[in-house]
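Chemist: Please read through the structure below; I'll follow up with questions.
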Amino acid sequence: MAYDAVGRLAAVTTGTGPDARTTTFAYDSQSYLQSITDPLGRSTTFAYDAVGRPLTQTLPDGRVLQTTYDANGNVTALTPPSRPQHQFDYTPVDLESAYHPPSPLTGGEGGGEGLSTTYTYNADRQLTQVTRPDGQTVDVAYDTAGRLSTTAFSRGQVTDSYNATTGNISSVSAPDGISLAYTYDGSLLTGMTWSGPIAGSVSRTYNTDFRVANQSVNGANPISFGYDADSLLTTAGAETITRRTDNGLISGTTLGPVTDSRSYNGFGELTTYTATVSGSPVFATTYTRDKLGRITQKVETLSGSTDTFDYAYDPAGRLQGVTKNGSVISTYTYDPNGNRLNLTTPIETVSGTYDGQDRLTQYGGTTYGYSTNGELQSATTSGQTTMYQYDVLGNLTSVVGPTGFTIEYVVDGQNRRIGKKVNGTLTQGFLYQSQLNPVAELDGTGAVISRFVYGSRANVPDYVIKNGVTYRIVSDHLGSPRLVVDVATGSVAQQLAYDEFGNVLTDTHPGFQPFGFAGGLYDPDTGLVRFGARDYDAETGRWTTKDPIRFSGGDTNLYGYVVNDPVNETDPFGLYWFRQPWQTPGVVGRLHTIVPPEGPVSEFIEQDVPAGYTFGEMHDSFVDAATRSGIPDWLANIPSMIPVYPVAVGTEVLRGLGILPQPTPPALCK
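Mapping of the sequence shown onto my numbering: position 374 corresponds to residue 374, and the numbering continues sequentially without gaps.
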């Protein structure tokens with residue numbers, strides 16, 4: 001790190017020599033951050049009002065994002081590049097009371113009649129009601145301790161109950177007879193039990209370091225987990241995970257005859273990946289990256305066939321072009337707010353049109369309709385219409401095809417998709433180990449047919465035990481399954497390929513396992529991929545609903561998928577918040593210091609501080625440099641947090657907008 005004459009951070013350089021990546025910072029006469037220049041020389045500039053609030057951000061390609069404020073500093077309007085204004089109202093105590101999107105018909109400013117979402121609060125400033133543009137409400141009630149008690153809406157209500165002694169949540173009941181019960185050892189969650197149309201349980205035990213030691217489904221067939229001295233995972237059931245001793249990065253895994261190996265550059269970014277069966281390569285990739293860490297070339301060998309893909313990006317960081325073996329296969333153009341205007345392939349050009357809320361109204365030969373809330377409601381092609389329906393919380397609940405073929409989804413009290421019905425008959429169920437990760441797949445009778453074991457990746461399992469047979473899931477850098485290999489025989493049970501936005505190009509065994517592009521839950525009947533809170537449509541490269549956290553997701557386009565950079569980024573939560581794909585719990589902090597990983601301070605930074613991960617990344621590097629110079633940790637650590645944090649926030653915002661790169665640091669900070 002380098003500082004200017006008055007001690008302000010002027011530059012951050014990672015790497016050395018020709019591989020060095022330098023980001024520079026400049027300030028105005030009031031010491032407000034005036035510009036950030038990335039390692040490729042692209043600059044983003046800021047302008048402020050008299051009290052230091054950012055009014056405009058001018059992005060490297062000249063696009064301008066504008067913000068206005070009230071007297072209390074609340075954002076009252078946000079104007080995306082070349083798009084109409086979104087407006088916000090607040091209560092006298094600065095709580096958001098209304099959101100006014102632009103008019104979809106005229107593209108006018110926010111505040112169109114019948115378009116607003118309103119919020120009410122109680123005397124304790126707790127949210128008590130949300131009224132959506134269609135008039136439906138979500139009513140929220142609390143118990144005497146101030147804890148969430150009920151969430152009521154048109155389909156019923158979700159009820160939360162708590163243990164009277166410990167205060168731990170003990171159960172959550174949802175509409176349609178769906179219930180969840182929880183058990184604990186102190187504050188450690190030891191079990192979850194589903195009852196209703198989907199029934200089953202997931203339980204776990206812990207070791208003396210409070211790490212998960214064993215996990216069982218329906219009380220049977222426990223999977224054990226092992227860790228090294230740094231509490232990094234080294235075994236997951238039958239799989240062994242090896243790591244580099246200098247930084248904890250995974251160097252390879254072994255599951256029977258199936259092994260993989262990984263290598264990284266000096267920035268901790270994946271450069272090669274090879275999977276073998278009995279020593280014979282079955283999948284291999286080599287990545288070339290630019291100074292932002294983005295993949296510019298991928299050489300991929302799958303089942304003996306090698307292809308070279310080159311990727312180009314526009315000045316806004318959006319994927320612009322893809323070539324395969326020297327021939328252009330895809331070219332993308334966008335409007336200033338990231339809406340895809342054209343996709344050109346060797347066969348055709350497909351164009352899209354959008355309304356004032358960035359809702360896709362036509363793409364190629366398909367026209368789209370939306371609810372007042374902005375949820376995709378219909379898609380019509382050649383006179384054939386598919387209808388979509390959602391609950392008031394934004395969950396997709398049903399899809400009805402042109403012939404009446406009906407898909408329905410079962411959603412539990414934690415808003416997870418736990419079941420699927422086809423024409424009224426339950427055909428599939430899921431039990432989860434966390435908010436995002438299914439640990440078991442059930443058939444229509446409730447029997448467990450697949451057991452998923454997670455090891456080296458956060459968003460997709462390493463292997464599955466299906467009907468008593470173990471299969472290794474070999475995935476690419478995004479977590480998209482490419483091969484499913486029978487560990488006993490070495491034969492390939494399923495092979496998959498995708499285009500850059502996740503359209504399935506090859507699937508030799510549809511439905512064999514439920515994971516698809518970037519590790520999401522893929523439904524072959526709808527073509528949609530479920531990521532956390534939303535459903536993704538790979539054909540259009542967009543979500544079917546707006547981001548539930550709106551602009552806190554880091555994108556001014558509420559339907560955009562990872563700011564149109566699907567080659568490098570993922571969104572397992574369906575939120576694209578400041579927490580990036582590499583940012584897993586336990587990263588912030590430094591071992592054997594006053595702020596260790598997973599300690600109270602580091603956990604607070606990770607969970608509650610905006611841009612906390614990037615702050616940890618930058619701050620830890622600073623403290624490391626200081627301690628190497630002989631400065632005591634206690635002196636280098638806490639006092640330096642204040643000057644580093646504002647730079648981290650600015651950096652994280654630009655990462656969210658795709659202006660600065662998304663880093664891939666080691667799994668364990670020093």
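Glycine included, each C-beta is placed from N, C-alpha and C at the ideal position.
1) If we count Cβ pairs, one from each stretch, closer than 8 Å, do we get three or more for the region 321 to 331 versus the region 61 to 73?
2) Would alanine 213 and asparagine 207 be called neighbours here (beta carbons separated by less than 7 Å)?
3) For the region 346 to 358 and the region 540 to 560, state whether three or more C-beta atom pairs, one from each stretch, are separated by less than 8 Å.
4) Going by DSSP in three states, serine 116 sits in which element: helix, strand or coil?
5) Quick check on this structure: which residue in Asp139, Thr253, Ala141 and Asp228 has the alpha carbon closest to the alpha carbon of threonine 240?
6) To the nearest whole angstrom, what separates the beta carbons of threonine 24 and alanine 10, a pair I think is in contact under 8 Å?
7) For the structure I just gave you, are there three or more beta carbon pairs, one from the region 479 to 495 and one from the region 255 to 274, closer than 8 Å?
8) Out of Thr118, Ile178, Tyr388 and Gly200, which one is the CA nearest neighbour of leucine 431?
9) Specify, as a first and last residue, the run of the beta strand (DSSP E) that lysine 671 falls within.
10) If you reduce the DSSP assignment to three classes, tell me which class serine 552 lands in.
11) Going by other Cβ atoms of all chains shown within 10 Å of its Cβ, with 16 needed for buried, is leucine 105 buried or exposed?
12) Taking the continuous beta strand (DSSP E) assigned at glutamate 500, which residues delimit it?
13) Can you check which of these residues, Val217, Thr79, Asn467 and Val492, is closest to valine 277 by C-alpha distance?
14) Taking all protein chains shown into account, do 16 or more other C-beta atoms lie within 10 angstroms of the C-beta of leucine 442, making it buried, or fewer, making it exposed?
15) Below 8 Å on the Cβ atoms is my guess for serine 31 versus arginine 8; work out the distance and round it to an integer in Å.
16) Of the choices Gly196, Ser231, Ser149 and Asp537, whose alpha-carbon is the least far from that of glycine 429?
17) Could you tell me whether the Cβ atoms of isoleucine 198 and glycine 419 are closer together than 7 Å?
18) If you draw a straight line from the alpha carbon of glutamate 348 to that of alanine 379, how long is it in whole angstroms?
19) Using only CA atoms, which one of Ala164, Asp523, His100 and Asn163 lies nearest to proline 133?
20) I'd like the ranges of any beta strand (DSSP E) spanning at least 3 consecutive residues and lying wholly in the region 73 to 101.
21) Within 8 Å, do at least three Cβ pairs link the region 305 to 315 to the region 505 to 519?
22) For the structure I just gave you, are there three or more beta carbon pairs, one from the region 464 to 481 and one from the region 446 to 455, closer than 8 Å?
23) Mark tyrosine 354 as exposed unless 16 or more other C-beta atoms lie within 10 angstroms of its C-beta, in which case mark it buried.
24) Going by other Cβ atoms of all chains shown within 10 Å of its Cβ, with 16 needed for buried, is alanine 667 buried or exposed?
25) Whole angstroms are fine: how far does the CA of serine 456 sit from the CA of glycine 237?
26) Taking the beta strand (DSSP E) that tyrosine 311 falls in, what are its first and last residues?
27) Rounded to whole angstroms, how far is the Cβ of glycine 516 from the Cβ of serine 480, which I believe are closer than 8 Å?
28) Helix, strand or coil for alanine 518 per DSSP?
29) Quick one, which of Asp124, Thr117 and Thr144 has its alpha-carbon nearest valine 138's?
30) How should glycine 404 be labelled, buried or exposed, when 16 other C-beta atoms within 10 angstroms of its C-beta is the threshold for buried?
31) Within the same chain, show all residues whose beta-carbon is closer than 7 Å to that of proline 315, passing over the 5 residues directly before and after it, in chain order.
32) Just grab the DSSP bridge partners of glutamine 428 for me.
33) Given threonine 301, which residues of its chain have a CB within under 6 Å of its CB, disregarding the five upstream and five downstream residues?
34) For threonine 58, which residues in the same chain have their Cβ closer than 6 Å to its Cβ, ignoring the five residues on either side in sequence?
35) Can you look up valine 51 in the DSSP assignment and give me helix, strand or coil?
36) Figure out for me which residue from Asp499, Ser216, Thr386 and Asp523 has the closest Cα to the Cα of lysine 421.
Modeler: Considering the structure as presented:
1) no
2) Position 213 of the sequence shown, counting from 1, holds the residue named residue 213. Position 207 of the sequence shown, counting from 1, holds the residue named residue 207. In this structure, asparagine 207 lies closer than 7 Å to alanine 213 by Cβ.
3) yes
4) In the sequence shown, counting from the first residue as 1, residue 116 sits at position 116. Three-state result, serine 116: coil.
5) Taking the first residue of the sequence shown as 1, we reach residue 240 at position 240. Nearest option by C-alpha distance: Thr253.
6) Counted from its first residue, the sequence shown places residue 24 at position 24. Counted from its first residue, the sequence shown places residue 10 at position 10. Correct: roughly 6 Å between the Cβ atoms.
7) yes
8) As a working note, residue 431 is residue 431 in the sequence shown. It is Gly200.
9) Residue 671 lies beyond the range of the chain shown here (1 to 670); nothing can be said about it.
10) On the sequence shown, residue 552 is found 552 positions in, with the first residue counted as 1. The answer is helix: DSSP assigns serine 552 an H, G or I state.
11) To locate residue 105, count along the sequence shown from 1; it is residue 105. Burial call: exposed.
12) Reading the sequence shown from its first residue, position 500 is the one you call residue 500. It is not in any beta strand (DSSP E) - glutamate 500 carries neither H nor E in the DSSP assignment.
13) Taking the first residue of the sequence shown as 1, we reach residue 277 at position 277. Measuring from the Cα of valine 277, the nearest candidate turns out to be Val492.
14) On the sequence shown, residue 442 is found 442 positions in, with the first residue counted as 1. Buried, because 16 or more other Cβ atoms sit within 10 Å of the Cβ of leucine 442.
15) As a first step, residue 31 must be located in the sequence shown, where it is residue number 31. As a first step, residue 8 must be located in the sequence shown, where it is residue number 8. Yes, serine 31 and arginine 8 are in contact; Cβ-Cβ is about 7 Å, under 8 Å.
16) Taking the sequence shown and counting its residues from 1, the one referred to as residue 429 is at position 429. If we check each option's Cα against that of glycine 429, Gly196 comes out closest.
17) Here residue 198 refers to the residue found at position 198 of the sequence shown. Here residue 419 refers to the residue found at position 419 of the sequence shown. In this structure, glycine 419 lies closer than 7 Å to isoleucine 198 by Cβ.
18) Position 348 of the sequence shown holds residue 348. Position 379 of the sequence shown holds residue 379. Each residue's Cα considered, the two are about 21 Å apart.
19) Stepping through the sequence shown from its first residue, residue 133 is reached at position 133. Of Ala164, Asp523, His100 and Asn163, the residue nearest in Cα terms is His100.
20) 75 to 79, 86 to 90 and 96 to 100
21) no
22) yes
23) Position 354 of the sequence shown, counted from the start, is the residue given in the question as residue 354. Under this definition tyrosine 354 is a buried residue.
24) On the sequence shown, position 667 is the one that residue 667 refers to. With a pLDDT of only 34 at alanine 667, under the threshold of 50, the placement of this residue in the model should not be trusted; the figure read from the coordinates follows. Buried, by the Cβ-count rule.
25) Mapped onto the sequence shown, residue 237 falls at position 237. Mapped onto the sequence shown, residue 456 falls at position 456. Each residue's alpha carbon lies about 12 Å from the other.
26) Taking the first residue of the sequence shown as position 1, residue 311 is located at position 311. Looking at the DSSP string, the run of the beta strand (DSSP E) that includes tyrosine 311 is 305 to 313.
27) Translated into positions along the sequence shown, residue 516 becomes position 516. Translated into positions along the sequence shown, residue 480 becomes position 480. At roughly 7 Å, the Cβ-Cβ gap stays under 8 Å, so glycine 516 and serine 480 are in contact.
28) Translated into positions along the sequence shown, residue 518 becomes position 518. Helix, per DSSP.
29) Position 138 of the sequence shown holds residue 138. Minimum Cα distance to valine 138 is reached at Thr117.
30) For the purposes of this step, residue 404 is identified with residue 404 of the sequence shown, where counting begins at 1. Answer is exposed; the Cβ neighbour count stays below 16.
31) On the sequence shown, residue 315 is found 315 positions in, with the first residue counted as 1. Answer for proline 315: Arg42, Pro60 and Asp61, listed in chain order.
32) Walking along the sequence shown from the start, residue 428 turns up at place 428. DSSP output for glutamine 428 lists Lys420 and Asp443 as bridge partner(s).
33) As a working note, residue 301 is residue 301 in the sequence shown. The residues are Ala284.
34) Position 58 of the sequence shown, counted from the start, is the residue given in the question as residue 58. If we look at threonine 58 and ignore the five residues flanking it on each side, its Cβ neighbours are Thr45 and Val64.
35) Residue 51 sits at position 51 when you count from the first residue of the sequence shown. Residue state, collapsed to three classes: coil.
36) Within the sequence shown, residue 421 is the residue found at index 421, counting from 1. Minimum Cα distance to lysine 421 is reached at Asp523.
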